[in-house]
Every structure is written in structure tokens, then in C-alpha cells.
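Read through the structure below, which is laid out as C-alpha cells, and then see the notes.
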Amino acid sequence: MSEMDERLGEMSFHMADIRSKRPTARRAVAAGEIHVGPSALELIMARRLPKGDALAMAEVAGIQGAKSAAQLLPLCHPLTLDLVRVQVQPEVARTSMRVYCEVAACAKTGVEMEALAGATAALLTLYDLAKPVEPGLTLRETRLLFKEGGKKGLWIHPEGLSDEERVRFQPHAPVSMMGIRVGVITLSDRAHAGVYADHSGPEAVRALTALGAELVNAEVLPDDLASLAEALTRLAASGIDLVLCTGGTGLGPRDIAPEALASVATRRVPGLAEYFRQASSHHMATAWLSRAEV
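See the structure below:
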């Protein structure tokens, strides 16, 4: 271990290293309430508090708070935000004000801290403007409602969302392959001969079944054009919806997957193959060597 590695190991804090991650669409919504009592609630809604319009000021403060998250939180990555939307509404039955902060960005990391910072800033602003008329204020139930985007997709707080919140924010449902019949074929001479275990095939199976797909076929074939062409023809005739092949797309003399597909396919979808290569390049520097076809 180098001296630098030893020093890094002694560090008290570690900002997450996101250099290898790719930017994706991210969104998060946070919410919280402040109990203000009947007299302050009436003045807030009438926009007649001594310090001024608390509703307008809370919206401005929430936007500024979301944009300032990286300055407030030492390990929070500075992000370029595409959207900050703050909504303040009365909860008359609870003599409270409820705040929502929605944040969106195309980024390498999530925007949940920005949403929480925005909601908190708006709540504290309501506190500041309401305390001259009601000192007995209480902040409560500030939490992340949901976040979406990135590798993990949609996450919703265990306490869930109300029907009104679901309609308002419409969290994107996770991708589903329910009802889709799939097959996975691994092309490898050595895996077929038992020289080493196939890892890519089982990984593909896990990913597909996790999305709800029905696995109807998984097999390992040698790098042989006729064998793959026969398997593809057989599976297509069975009415299968998707066959995912792994391996056999490189530049080696035994890499014949593209040729096998070309021998049985009636129509190519080159754009999808190019998308696969582009997406893979964020994780594999040699993705450009692939001759994968769809």
C-alpha cells in the first residue's frame, strides 16, 4: 500500500466518487409541515403577516435552498438543476402549512438532498415570518416522498404517498416486462466445454426476471454459426418475444453471432444496436469493438 493510499484510508470523510457513472434523468420530491395554529394560518393565507407575504417568500426560499444544498452539506455534489418547484398549501384541519419541493436534473447522482434542502428552507421561512404572531410553532414530518432515476429506478418512502400526491407528481412506474417471454443464449466455446462457468448468461437471466419477464429458455452454445442459427429459428417459431444473446460479437475468428443473426433475420434494427454500444461505453471502454446486431 502506498503512502497516499494509507493517507486516504485515514480520512474521516469520503465524498462519493461518481466519475464512472453516466448522467441520467433524476427527480425527487420532499415534503414537510409546520404547525402554525389558527391565528397565524389565517394571516398567512391572507398574506398579512407583519414581515410580509410568507407564501411567496417560502417559494423563493425553497428554490434557493434546493440550489444551495451543496453549500450547506459538505459531501453533497454540486449539481446543475433543471427544475425546482415549490408548492405551499394550507392544511386547515391541522392548522398547518404543508410544503412540497420537487427537483429534477440530468445528473450522475440523485437530487433527493436538494429536494429536502428546498423543503426545509421553505418551512424555516414560514417559521421565520410566522413567529412574531405565533411563537409556538412546530416543524414535523419532513421526509423524502420518492426519488426516481439512476440505476435503482423508483424508490417510494415506506409510508407511501397519498392519492392526491400520486396524481400531482405521477412517479414513474418501474419498467416492467410482465407477460414477455424471453430466452438467453450464451455463445462461448470454453463455457460450452465446461472449461469455465458462464457468468454473463445468468446475469442476463437475473436482470430480465427481476423486471418480471418469463424465462422460457437459457442455454450455452459453442461459437458455431449453424448451432446459433438453428436455436434462433427454433425459438422464433415457438412464439418467444425476445432472445438475448451474449458473447460472440467481437473481432475474433470464432465470433459469429452477427453472421448467425443475419442468416435468419428478416429485418435489422441498427439503431438499437448502436444504442447498446453507446450505453455500454459508459461501463466498458472496449464497447466499440462489439459487432452486436439487433
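Residue numbers (UniProt numbering): 1 to 294. The beta-carbon is built from N, C-alpha and C at its ideal position, and this holds for glycine as well. Keep in mind it's a predicted model, so treat the numbers as computed, not measured.
Reduced DSSP secondary structure (H/G/I, E/B, other) of Q170: In the three-state scheme derived from DSSP, where H, G and I count as helix and E and B as strand, Q170 is classed as coil.
When we look at the beta-carbon of T186 and count the other beta-carbons within 10 Å, is it buried (16 or more) or exposed? Residue burial annotation: T186 is buried, with at least 16 other C-beta atoms found within 10 angstroms of its C-beta.
Would you kindly work out how many angstroms separate the C-alpha atoms of L124 and A273, rounded to a whole number? Cα-Cα distance, rounded: 51 Å.
Return yes when the Cβ of V86 is within less than 8 Å of the Cβ of C106, no when it is not. Not in contact: C106 and V86 (Cβ atoms no closer than 8 Å).
Tell me Y196's beta-bridge partners as DSSP assigns them. According to DSSP, Y196 bridges with nothing at all.
Residues near L144 in its chain [Cβ-Cβ closer than 7 Å; skip 5 each side]: Excluding positions up to five away in sequence, the list reads A28, A30, E112, A115, L116, H157.
6 Å CB neighbourhood of P78 in its chain, flanking five on each side removed: Excluding residues within five positions, the ones whose Cβ falls inside 6 Å are A70.
Any idea what DSSP makes of V264, helix, strand or coil? Three-state DSSP puts V264 in a helix.
Close Cβ partners of L43 (< 7 Å) along its chain, the five nearest in sequence each way excluded: A distance below 7 Å between beta-carbons, with the five flanking residues on each side excluded, links L43 to the following residues of its chain, in chain order: L49, V133.
Give the single residue among E219, I180, S188, K152 whose Cα lies nearest to the Cα of H172. H172 has its Cα closest to that of K152, out of E219, I180, S188, K152.
Beta carbon of T138 nearer than 8 Å to that of I34: T138 is a Cβ neighbour of I34, given a cutoff of 8 Å.
Rounded straight-line distance, which links the Cα of G118 to that of K147: Taking the straight line from one Cα to the other gives about 15 Å.
Through-space distance from A218 to A229, alpha-carbon basis: One C-alpha to the other measures close to 15 Å.
Would you call the CB atoms of A58 and L83 closer than 8 Å? No, these two residues do not count as a Cβ contact at 8 Å.
Just to confirm the assignment, what range does the alpha helix (DSSP H) spanning K51 have? Here K51 belongs to no alpha helix (DSSP H), and DSSP marks it neither H nor E.
Can you check whether the CB of L244 is closer than 8 Å to the CB of V184? Cβ distance < 8 Å, so V184 and L244 count as in contact.
In its own chain, which residues sit with a C-beta less than 6 Å from the C-beta of T109, not counting the 5 before and 5 after it? Answer for T109: I18, H77, listed in chain order.
Starting from the C-beta of A287, find all residues in its chain whose C-beta is less than 7 Å away, skip the five residues before and the five after it, and write them out in chain order. Hits under 7 Å: R277, S280, S281.
Over what stretch of residues does the alpha helix (DSSP H) that includes G183 continue unbroken? No alpha helix (DSSP H) contains G183, which is instead part of the beta strand (DSSP E) from 181-187.
So, does the stretch 185-204 touch the stretch 160-174, judging by three or more C-beta pairs under 8 Å? Per the Cβ contact rule, the stretch 185-204 is not in contact with the stretch 160-174 (fewer than 3 Cβ pairs under 8 Å).
Roughly how many whole angstroms lie between the Cα atoms of L41 and Q170? Cα atoms of L41 and Q170: separation of roughly 29 Å, rounded to the nearest angstrom.
Does V99 come out as helix, strand or coil in the three-state DSSP assignment? In the three-state DSSP reduction, V99 falls in the strand class (E or B).
Going by DSSP in three states, A40 sits in which element: helix, strand or coil? Looking at A40 - three-state DSSP - the assignment turns out to be helix.
Check for me: the alpha helix (DSSP H) holding L75 runs from which residue to which? It is not in any alpha helix (DSSP H) - L75 carries neither H nor E in the DSSP assignment.
Following the continuous beta strand (DSSP E) through A30, name the residue where it begins and the one where it ends. Secondary structure note for A30: its beta strand (DSSP E) is the uninterrupted segment 24-35.
Taking Cβ positions, are G65 and A121 nearer each other than 8 Å? Contact: yes.
Hey, how far is the Cα of L126 from the Cα of S39? Near 14 Å, if we compare the C-alpha coordinates of S39 and L126.
Just to check my reading of the structure: G250 and L225 have Cβ atoms closer than 8 Å, yes? What is that Cβ distance to the nearest angstrom? At roughly 15 Å, the Cβ-Cβ gap does not stay under 8 Å, so G250 and L225 are not in contact.
Three-way DSSP call (helix, strand, coil) for R291 in this model: DSSP places R291 in coil when its eight states are reduced to three.
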